[in-house]
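Each step along the sequence shown adds one to the number in my numbering, with nothing skipped, and position 43 is 37. By construction, the Cβ of each residue, glycine as well, lies at the ideal position given by its N, Cα and C atoms. Below: one structure, written as structure tokens.
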Amino acid sequence: MPTPTKGPRLGGGPAHERLMLRNMATSLFMHKRIVTTETKAKRLRPVAERLVSFAKRGDLAARRRVMRQITDKNIVHELFTEIAPLVADREGGYTRITKLGFRKGDNAPMA
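Written out as structure tokens, the structure reads:
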């Protein structure tokens, strides 16, 4: 029996969920902010925090670990050279979720 995920499941299956989180993390680091549903934001936050923590370490093993999740080398370089130094003195809490109201079509809460 597969291990249950923490929180609501996203996408069709586990592989789809991993890909969605990977793509959202890439977009977050590329644009510095994204607009998505609250549920997706809550699932993305620990993934993004973990990647930033690896980037703060700054060694080759950490870079390779991040490259497993984010395959765009330019974004990984930006994460290690620009984002990680900004949060070097923080122990965590690099991202924040701001509630934005509800989506027009299906009334889903956005963040």
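query                                                                                                                                     : result
Alpha carbon to alpha carbon, how far is Leu73 from Thr92? Give it in angstroms, no decimals.                                             : 22 Å
At 3 residues or longer, and completely inside the region 2 to 50: list those beta strand (DSSP E) runs for me, N to C.                   : none
Along the chain, where does the alpha helix (DSSP H) that runs through Asn68 open and close?                                              : 67 to 72
In the DSSP assignment, find the alpha helix (DSSP H) that holds Val60 and state where it starts and stops.                               : 54 to 63
Mind checking Thr20: buried by the 16 CB within 10 Å criterion, or exposed?                                                               : buried
Would you call the region 43 to 53 and the region -1 to 7 in contact, with 3 or more CB pairs under 8 Å?                                  : no
Check whether the Cβ atoms of Pro103 and Glu32 sit closer than 7 Å, and answer yes or no.                                                 : yes
Count the other CB atoms within 10 Å of the CB of Thr30; is the residue buried (16 or more) or exposed (fewer)?                           : buried
Given that a residue counts as buried once 16 or more other Cβ atoms are within 10 Å of its Cβ, and exposed if not, what is Ala42?        : buried
Does the beta-carbon distance from Met18 to Leu45 come in below 7 Å?                                                                      : no
Between Ile28 and the rest of its own chain, which residues show a CB-CB distance below 7 Å, the 5 nearest in sequence each way excluded? : Met18, Ser21, Leu22
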